[in-house]
Structures are given as C-alpha cells and as structure tokens.
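Residues in the sequence shown are numbered consecutively from 75, following the numbering used here. The C-beta atom is built at its ideal place from N, Cα and C for all residues, glycine as well. Note sheet for the following structure.
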Amino acid sequence: MTNPHCEISDLGDRLVVENRNAARRNALTPEFYEGLHHALRLAADQPRIGAVIVMGEGDFFCAGGDLTMLITAQTMDEEARRARIDTLNDLIRAVVHCPRPVIAVVEGGAAGAGLSLALACDMVISARDARFSAAYVTAGLVPDGGLTAALAAGLPPQMAAQMALTGRPIGAERLHALGLISELTAPGEAIMAAMALADHLAHGPAGAQSAIKRLLTDARAATFEAQLTAERDAMAAALAAPEAAEGISAFLAKRPPDFRRLREDR
Numbered sequence: 075m076t077n078p079h080c081e082i083s084d085l086g087d088r089l090v091v092e093n094r095n096a097a098r099r100n101a102l103t104p105e106f107y108e109g110l111h112h113a114l115r116l117a118a119d120q121p122r123i124g125a126v127i128v129m130g131e132g133d134f135f136c137a138g139g140d141l142t143m144l145i146t147a148q149t150m151d152e153e154a155r156r157a158r159i160d161t162l163n164d165l166i167r168a169v170v171h172c173p174r175p176v177i178a179v180v181e182g183g184a185a186g187a188g189l190s191l192a193l194a195c196d197m198v199i200s201a202r203d204a205r206f207s208a209a210y211v212t213a214g215l216v217p218d219g220g221l222t223a224a225l226a227a228g229l230p231p232q233m234a235a236q237m238a239l240t241g242r243p244i245g246a247e248r249l250h251a252l253g254l255i256s257e258l259t260a261p262g263e264a265i266m267a268a269m270a271l272a273d274h275l276a277h278g279p280a281g282a283q284s285a286i287k288r289l290l291t292d293a294r295a296a297t298f299e300a301q302l303t304a305e306r307d308a309m310a311a312a313l314a315a316p317e318a319a320e321g322i323s324a325f326l327a328k329r330p331p332d333f334r335r336l337r338e339d340r
C-alpha cells in the first residue's frame, strides 16, 4: 500500500513499520494509524510473520499527538472529542491484541501518545541516550492510549506518579533498570537489536507464542484463579498441536526444533 506517513517493509518473516513524519518528530497522523492497522492485520493473518517492528524515521521514535491538530478538538463537542481519542485507543488495542509479538524501536525518545504506543508493544528496544516523557500534563492534558495503565503496571507508584504528574523526561537507562525497557543499545543500533530479536522469534512456535502473548495480556486484568484456568486451557491445546510434537521430539532427540517449517506449512 502507498502511504506517505507509513512505510511497511515485508521481509518475509517480519514486518517493519516506519512512521515517516520526521519533520514533526514522527507525530501521529491518520495515515500512520491506517498503515500500522494494515500491518497488524497482515501479521495476524500470516503465521510466517514472526514479529512486527515499529520504528520512527530519523532520530526520534514518536512525539505523540500533533498539537496543531489537537487544537481543532477544542471546538468539537464532547462526543466528537471522545471519537477522536478512540482512534488512538483502537490502534493501541490492535497492537496489544495482535497475535504476533510487536517490538518498539526507540531512538531519541518517545513522548505523549508516542510513549503510549511504545509501551503498548510487547518489547521496547531503546538507544541508551533516549528519553521518555509522559508530556501530556505540560499542555494541560491527561494521558490517553492506555499510558496510565502501562505506567502503573510497569513502574513503582512513585515513579509512575512522577512521570505522569510532572511530564519530565526520564532516561532510558533508568527505565531499563526499572524493567520498563527490554534492551538497551548504543545510539543508532536499536534497529539491529530488534532485527536480531525478530529473527529469534521467527524461529519459534507461532501458535505457542500467540497463546503466551494472550495469557500475558489477559493476566493484567484476571484473578489468579482465572489465570490458572486460562493457562490450563492454553496448555491443553498446545499439547495437542504440531508445535509440541516437534518441540518434544527435538528435545528427546537432542536436536534444535524446526518450528519455522511449521510456520510455512500453516
């Protein structure tokens, strides 16, 4: 598909989605929403795709919403404002519920809804010098796109409050130490680390990975008993799948499992 603000590269076993709006620090646009939705649907339909990588053009991941566009929302009625915010929420849901792992590649930093998008991904790979800001409050706004949920789940309460209430940027190294960022790299090398991770994922069992992602997502809202039941059901299904037959056979034969062949057969 042709999209001036979203370039999708299909590399066979992974998709790379690039927000191409560097002139505005990759602020989110309707065109990018459309492109990322398209990539996530394609990944969901194609077991050959082991991961979706989301990145920004140039030296910044995403500055969030375009304030020049948000100004127009001030003249809308409340229903229209809610509908506009739901376009972001729908994108965040699509990332969270995509059956394939989604990897955010952060150079420079992420702010506002750009941080919401990064933290909605399953893993965040960041350059060491990147800075992350829940910048909404500096414009008199409140976080959206699931950001308060992500901060509350991923950070100690005091740090989540500091980020959300002050809008001050926090360095990648500190957030990595707190567990919010998966991996740190030298500046300019985050995409290479993401490619290596995507290669690892593409050689894994697609069905089991999808079930694991779903379990991790559902666990955020589930009771312990409900999660035990969900894990039981997922394990029972996995035991009867070709992936388990291959994995167990490979383990007993002391050879690497060939999950990639099963992806191609599906």
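Who are the near neighbours of GLY278 in its chain, counting only those whose CB is closer than 8 Å to its CB and skipping five residues on each side? The answer, listed in chain order, is GLY124, PHE333.
Stretch pair the stretch 129-148 + the stretch 98-117: three plus CB contacts closer than 8 Å: Under the 8 Å Cβ criterion, the stretch 129-148 counts as touching the stretch 98-117, having at least three qualifying pairs.
Opposite ASP84 in the DSSP bridges: which residues? In the DSSP assignment, ASP84 forms a beta bridge with LEU89.
Got a sec? Which residues, its chain only, sit under 6 Å from VAL90 by beta carbon, not counting five neighbours each side? Only SER83, ILE127 meet the Cβ criterion.
8 Å contact criterion, which ALA208 and ALA238 should meet: CB distance rounded: The pair is a contact, with the Cβ atoms about 5 Å apart (cut-off 8 Å).
Note down, in chain order, each residue of its chain lying with its Cβ closer than 7 Å to the Cβ of ARG294, except the 5 sequence neighbours on either side. ALA227.
Which partner residues of CYS136 appear in the DSSP bridge assignment? BP columns for CYS136 point to ALA184.
Are the CB atoms of VAL176 and ALA201 nearer to each other than 8 Å? The Cβ-Cβ distance between VAL176 and ALA201 does not fall below 8 Å.
With 16 as the cutoff for other CB atoms within 10 Å, does ARG337 come out buried or exposed? With 16 or more other Cβ atoms within 10 Å, it is buried.
Inter-stretch contact at 8 Å, needing at least 3 Cβ pairs: the stretch 314-324 / the stretch 275-290: A contact exists between the stretch 314-324 and the stretch 275-290.
Give me the Cβ distance between LEU162 and GLY219, rounded to the nearest whole Å; I'm assuming they're in contact under 8 Å. Indeed they touch by this definition, with Cβ atoms about 5 Å apart.
What does a CB cutoff of less than 6 Å around ALA224 pick up in its chain, not counting 5 residues either side in sequence? Excluding positions up to five away in sequence, the list reads LEU193.
Would DSSP call ALA296 helix, strand or coil? For ALA296, the three-state secondary structure derived from DSSP is coil.
Exposed or buried, which one is ILE145 when buried takes at least 16 other CB atoms within 10 Å? ILE145 should be labelled exposed.
Assuming VAL128 is part of the beta strand (DSSP E), what are its boundary residues? Annotation: the continuous beta strand (DSSP E) that includes VAL128 extends over 125-130.
Distance check for ARG174 and PRO348, CA to CA, integer angstroms please. Because the chain is modelled from 75 through 340, residue 348 falls outside the range shown and cannot be assessed.
Which residue wins for smallest C-alpha separation from CYS172, given the options ALA311, PRO230, ARG288? Cα-wise, what sits closest to CYS172 is ARG288.
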